[in-house]
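Trainee:
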Amino acid sequence: MVDDAIVNASAVVRYARPKLTATQIARRQRILAAALGALDADEYEHIQMRAVAQAADVALGTVYRYFPSKEYLYASAVLEWAVSAPELAPARAVAADLRPEERLRLRLHTIIRAFELRPWHYKVHVALRTAADAQAAALIAATERDTRMILADDLDALGPAAAEDTALMLWAVVDAALREAIIRGGDVGEAYRVVDRFLDLLVTPLRWASAPVTGGSGGAG
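Each step along the sequence shown adds one to the number in our numbering, with nothing skipped, and position 154 is 162.
Following this line, the structure appears as structure tokens:
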């Protein structure tokens with residue numbers, strides 16, 4: 009089962025995937041796969057667009073035709089990984105019968121684990137937030153907004169405004185924990201602990217908000 013929130017989030021995917029012919033889609037996917045493969049083998053700063061072109065078996069000019077800059081290529085590649093990587097599947101398909109805090113815990117543990125396995129994906133994600141290529145930065149920002157939207161959907165018992173605010177805070181906690189673990193070389197176990205601690209604080213308000221309202225029998229006799 010894929011959550012409605014994930015389906016709604018496909019707007020950012022449509023933004024990143026222009027209308028192309030079947031041949032062009034296949035070529036574009038080869039370029040993205042080559043870019044991700046390069047990221048698994050080397051640091052982002054050391055990757056050359058020419059090497060990506062060679063790995064994708066296309067001309068360098070073809071890469072630039074689909075992706076005008078290295079920043080936009082990697083913003084698109086990180087998004088492609090986020091919506092299709094097997095290691096992130098548990099975050100994309102969460103059982104509806106789980107409690108809200110259980111859904112959130114599963115999603116966020118999956119995200120942390122995925123970045124633990126592929127730390128350069130997170131480092132690139134952070135770097136591209138302030139990319140010189142405005143399109144790349146906008147794509148990363150849109151990806152983060154969609155992630156917060158999915159979290160807010162799990163928090164909808166709190167009401168729309170509170171759910172959005174809490175999702176914003178929750179994602180800030182996740183991001184700070186990942187920065188400490190991946191960029192500053194801290195213990196990734198702390199990322200799980202801090203996120204779990206924040207989620208524990210949400211259990212009571214979520215269950216209170218989700219509890220059925222019972223009518224009183226009051227009234228003057």
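We put the CB at the ideal spot given by N, CA and C, even for glycine.
A quick note: this is a predicted structure, and the numbers were derived from the prediction, not measured.
Near R137, what residues of its chain come up, given a Cβ to Cβ distance below 6 Å and the 5 sequence neighbours on each side ignored?
Mentor: Counting only Cβ-Cβ distances below 6 Å, and skipping sequence neighbours, we find I148.
Trainee: Where does P69 fall in DSSP's three states?
Mentor: The question names Pro, but residue 69 in the sequence shown is Gly. Of the three classes helix, strand and coil, the one that applies to G69 here is helix, per DSSP.
Trainee: Which of the three DSSP states is assigned to L28 in this structure?
Mentor: Coil.
Trainee: Between Q56 and W216, what straight-line distance do the alpha-carbon atoms span, to the nearest angstrom?
Mentor: Answer to the nearest angstrom: the Cα atoms are 53 Å apart.
Trainee: Thinking C-beta only, is A199 closer than 8 Å to L8?
Mentor: Nothing can be reported for residue 8: it is not among the residues displayed for the chain, which extend from 9 to 229.
Trainee: Would you call E51 buried or exposed, if buried means 16 or more other Cβ atoms sit within 10 Å of its Cβ?
Mentor: Label assigned to E51: exposed.
Trainee: Taking a contact to mean a Cβ-Cβ separation below 8 Å, would you say A43 touches V60 in this structure?
Mentor: Yes.
Trainee: Nearest by alpha-carbon distance to H129: which of D161, L81, D105 is it?
Mentor: If we check each option's Cα against that of H129, L81 comes out closest.
Trainee: Report yes or no: do three or more beta-carbon pairs, one from the region 94-110 and one from the region 67-77, lie closer than 8 Å?
Mentor: Touching, no, given that fewer than three Cβ pairs across the two stretches are closer than 8 Å.
Trainee: With a threshold of 16 other CB atoms inside 10 Å of the CB of S218, please say whether the residue is buried or exposed.
Mentor: So S218 ends up on the exposed side.
Trainee: So, is M9 buried or exposed, given that buried needs 16 or more other C-beta atoms within 10 angstroms?
Mentor: Because M9 carries a pLDDT of 31, less than 50, the predicted location of this residue cannot be relied on, and no value is offered for it.
Trainee: Out of V134, R111, A184, A145, which one is the CA nearest neighbour of L159?
Mentor: Among V134, R111, A184, A145, the Cα nearest to that of L159 is on R111.
Trainee: In terms of alpha-carbon separation, which member of R115, Q32, A144, Y72 lies closest to L87?
Mentor: Nearest of R115, Q32, A144, Y72 to L87, Cα basis: A144.
Trainee: Given L114, which residues of its chain have a CB within under 8 Å of its CB, disregarding the five upstream and five downstream residues?
Mentor: P98, A99, V102, L106, listed in sequence order.
Trainee: Would you mind working out which of V203, R156, W179, T151 sits nearest A83, comparing C-alpha positions?
Mentor: Residue T151 is the option with its Cα nearest to A83.
Trainee: When the Cα atoms are used, what is the spatial distance from A34 to V181?
Mentor: Going by the C-alpha atoms only, they are around 37 Å apart.
Trainee: Just the C-alpha distance for A146 and P168, rounded to the nearest angstrom, thanks.
Mentor: Each residue's alpha carbon lies about 24 Å from the other.
Trainee: Out of D154, A170, V202, which one is the CA nearest neighbour of A90?
Mentor: Ranking the options by Cα distance to A90, first place goes to D154.
Trainee: Around the C-beta of E109, are 16 or more other C-beta atoms found within 10 angstroms, so that it is buried, or is it exposed?
Mentor: The residue is buried, with at least 16 neighbouring Cβ atoms inside 10 Å.
Trainee: Would you mind giving the Cβ-Cβ distance between L178 and L214, rounded to the nearest angstrom? I have them listed as a contact below 8 Å.
Mentor: Incorrect: roughly 12 Å between the Cβ atoms, too far for contact.
Trainee: Skipping 5 residues on each side, what residues in its chain have a beta carbon closer than 8 Å to that of A135?
Mentor: So the qualifying residues of the chain are Y52.
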